[in-house]
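See the structure below:
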């Protein structure tokens, strides 16, 4: 399929209707065509039939009307970095869909101080490599001259990109990394942390995932012996930290964690970890491996006769493709993970008016693939970009973008993002977290069912945690 045909299919899913080629060219600016946001907004209807709010003037007026009333300024450049290749590619799987939706929503530009500015999104692949992430961030800042940086997915991407933005005084919004490895992992002295000036983050923290996992584990009778699978990376070091990570709260709840030590990503042999868990009679396994490593671990555990009652795994079990990679005979059934976003989350986009279900269904319609959690947070990055830019007083002064960023309070498709409270730190805004379990699906091989919502009852629960093999 050609690039134009593929993007046309995605835009049709965003709009919820077919397009002929002329409409597609008008909406997307392909081949130099001029974008018409008025036509786009007339077609873009969230479920229920209410017109979507515009990205430039809010719900009360159309951007098409604004475009005739204000002068046009220079293009605003937004950098976007995420891993679309390498072992973390699952986090960037939906990027093409997310970017198509953002480009459509920004098609009429953004009104800043009475001047309408077109938006140019420059997307880069971190290749799942921190060094590459830093390199492409530097290129976006120093060569492309971006005005605002957006970055998503794991400390290996968010941290080096945010560090480049901080060093070069470019406002930056990041997400999809627990706040502790993002915030403490970037400190010169983690024992005496100081706030950042240019870089802001929204996501949940280790305290949230620990609470979710403990609530899920309480639903199954176990001996409370837990095997820890923690890699030698930003997430693994944070999760396994004996003071700030999993061990203290698990011990306080009556669980004993058995941590055989750090291992390198893309390991081929987990016999040492499996042996340690068998010796400890661990009935629960938790950790934060990358997807290919959990596949290796789980297959070897089966071969060596180790099957815990519960496996609650961060990162590796977020994506349908990762669960399907475990095998075709139900090997992924009853595995559990954190859930940061789903079609059942009761939130809507401030940019398009779409509900979480609308956005997830649009992805499936465009790609024939199952929804995946990063869709919501990727979309929310562009919601925040739109909101911050609209409140900027002088686009030529990056400090005014930063100043608008630091006072942001916005209800997004992933929940409220609020950087005004300073909790836990001024650069951090926490988002809701619940727990889910994979089970045999209908349309797709597996469905992710929410089984823990103790701290967020507004997100509906659809079942109880089942033991593996039970």
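Numbering (our numbering), first residue to last: 171 to 640.
By construction, the Cβ of each residue, glycine as well, lies at the ideal position given by its N, Cα and C atoms.
The model shown is predicted, which means the values in this text are computed figures rather than measured ones.
Check                                                                                                                                                                               : Outcome
Just to confirm my understanding: we take residue 419, look at its own chain, exclude 5 residues before and 5 after, and list those with CB closer than 6 Å. What are they?         : 380
Which parts of the segment 470 to 500 are runs of the alpha helix (DSSP H), unbroken and 4 residues or longer, counting only runs that do not cross its ends?                       : 490 to 494
Considering only their Cβ atoms, is the gap separating residue 621 from residue 611 smaller than 9 Å?                                                                               : no
Would the beta-carbon of residue 460 fall within 9 Å of that of residue 486?                                                                                                        : yes
Specify, as a first and last residue, the run of the beta strand (DSSP E) that residue 332 falls within.                                                                            : Note, residue 332: premise wrong, no beta strand (DSSP E); alpha helix (DSSP H) at 325 to 337.
For residue 404, which of 561, 458, 364 and 373 has the nearest alpha-carbon?                                                                                                       : 458
Check whether the segment 309 to 329 and the segment 281 to 301 touch, using three or more Cβ-Cβ pairs below 8 Å as the test.                                                       : yes
From residue 395 to residue 447, what does the alpha carbon distance come to, in whole angstroms?                                                                                   : 9 Å
Return the Cβ separation of residue 454 and residue 478 in integer angstroms, given the expectation that the two are a contact with Cβ distance under 8 Å.                          : 6 Å
What are the complete alpha helix (DSSP H) segments, minimum 4 residues, inside the segment 243 to 308?                                                                             : 265 to 275
Which same chain residues, not among the five before or five after residue 390, have their C-beta less than 7 Å away from its C-beta?                                               : 479, 480, 635 and 637
DSSP beta-bridge partners for residue 319?                                                                                                                                          : 249 and 342
Pull up the DSSP beta-bridge partners for residue 433, would you.                                                                                                                   : 401
Going along the chain, which unbroken runs of the beta strand (DSSP E) with 3 or more residues stay wholly within the segment 584 to 614?                                           : 585 to 588 and 604 to 610
Please report the residue range of the alpha helix (DSSP H) in which residue 528 lies.                                                                                              : 526 to 537
What three-state label does DSSP hand residue 352 in the structure shown?                                                                                                           : helix
Only counting the same chain, and skipping five residues up and downstream in sequence, which positions put a Cβ closer than 6 Å to that of residue 639?                            : none
At which residues does the alpha helix (DSSP H) containing residue 549 begin and terminate?                                                                                         : 544 to 560
Can you give me the Cβ contacts of residue 643 inside the same chain, cut-off strictly under 7 Å, excluding the 5 residues immediately before and after it?                         : Given that the chain is displayed from residue 171 to residue 640, the structure contains no residue 643 and the question cannot be resolved.
If you draw a straight line from the alpha carbon of residue 353 to that of residue 442, how long is it in whole angstroms?                                                         : 32 Å
Three Cβ pairs or more, each shorter than 8 Å: is that satisfied between the segment 514 to 531 and the segment 544 to 551?                                                         : yes
Within the same chain, show all residues whose beta-carbon is closer than 6 Å to that of residue 317, passing over the 5 residues directly before and after it, in chain order.     : 246 and 247
Where residue 337 and residue 312 are concerned, what is the direct C-alpha to C-alpha distance, given to the nearest angstrom?                                                     : 12 Å
Which same chain residues, not among the five before or five after residue 212, have their C-beta less than 6 Å away from its C-beta?                                               : Low confidence applies here, because residue 212 scores a pLDDT of 33, under 50, leaving its location unreliable; read the following figure in that light. Hits under 6 Å: none found.
Confirm, please, whether the CB-CB distance from residue 555 to residue 587 is below 9 Å.                                                                                           : no
Would you list, in sequence order, the uninterrupted alpha helix (DSSP H) runs of no fewer than 4 residues that lie entirely inside the segment 405 to 430?                         : 417 to 422
Under the three-state reduction of DSSP, which class applies to residue 377: helix, strand or coil?                                                                                 : helix
Identify the continuous alpha helix (DSSP H) that holds residue 457 and give its terminal residues.                                                                                 : Run containing residue 457: none in the alpha helix (DSSP H); it sits in the beta strand (DSSP E), 454 to 457.
Provide the residue(s) that pair with residue 582 in DSSP beta bridges, ordered along the chain.                                                                                    : 585
Taking all protein chains shown into account, do 16 or more other C-beta atoms lie within 10 angstroms of the C-beta of residue 376, making it buried, or fewer, making it exposed? : buried
For residue 602 and residue 564, I'd like the C-alpha separation in whole angstroms.                                                                                                : 33 Å
Do three or more CB pairs link the segment 487 to 501 to the segment 514 to 524 at distances below 8 Å?                                                                             : no
Can you grab the Cα-Cα spacing for the pair residue 308 / residue 385, in whole Å?                                                                                                  : 42 Å
Return the chain-ordered list of same chain residues with a C-beta closer than 8 Å to the C-beta of residue 470, the five sequence neighbours on each side being excluded.          : 439, 440, 441 and 444
DSSP state of residue 395, grouped into three classes?                                                                                                                              : strand
Report the option in 593, 596 and 490 whose CA atom is closest to the CA atom of residue 613.                                                                                       : 490
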